[in-house]
Amino acid sequence: MPEICRFYGIIIAMFFDDHNPPHFHARYGCLNDTRCYQS
-19 MPEICRFYGI IIAMFFDDHN PPHFHARYGC LNDTRCYQS
């Protein structure tokens, strides 16, 4: 998982090989959020 940044315990990673469209994951401890953005 390519990690883009890490700050205040939050990890932002971008996934582009899993499935389309490319998407971001944000993790904080045991919490996880996924966002997909269309251009």
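The numbers in the numbering used here rise by one with no breaks, and the one at position 29 of the sequence shown is 9.
Beta carbons are placed, not taken as given, at the ideal position from N, Cα and C, and that holds for glycine.
Checklist entry - With DSSP run on the structure shown, which of helix, strand or coil describes residue 8? => result As a working note, residue 8 is residue 28 in the sequence shown. Residue state, collapsed to three classes: strand.
Checklist entry - In its own chain, which residues sit with a C-beta less than 7 Å from the C-beta of residue 15, not counting the 5 before and 5 after it? => result Reading the sequence shown from its first residue, position 35 is the one you call residue 15. Cβ neighbours of residue 15 beyond the five flanking positions: 3 and 4.
Checklist entry - Is residue 7 near residue -9, with beta carbons less than 8 Å apart? => result In the sequence shown, the residue the question calls residue 7 occupies position 27. In the sequence shown, the residue the question calls residue -9 occupies position 11. Taking 8 Å as the Cβ cut-off, residue 7 and residue -9 qualify as a contacting pair.
Item to check | For residue -3, the nearest candidate out of 9, 18 and -18 (CA to CA) | outcome: Counted from its first residue, the sequence shown places residue -3 at position 17. Nearest in C-alpha terms to residue -3, of all of 9, 18 and -18, is -18.
Next on the checklist: To the nearest angstrom, how far is the alpha carbon of residue 13 from that of residue -6?
Outcome noted: For this step, residue 13 is matched to residue 33 along the sequence shown. For this step, residue -6 is matched to residue 14 along the sequence shown. Residue 13 and residue -6: Cα-Cα distance of roughly 12 Å.
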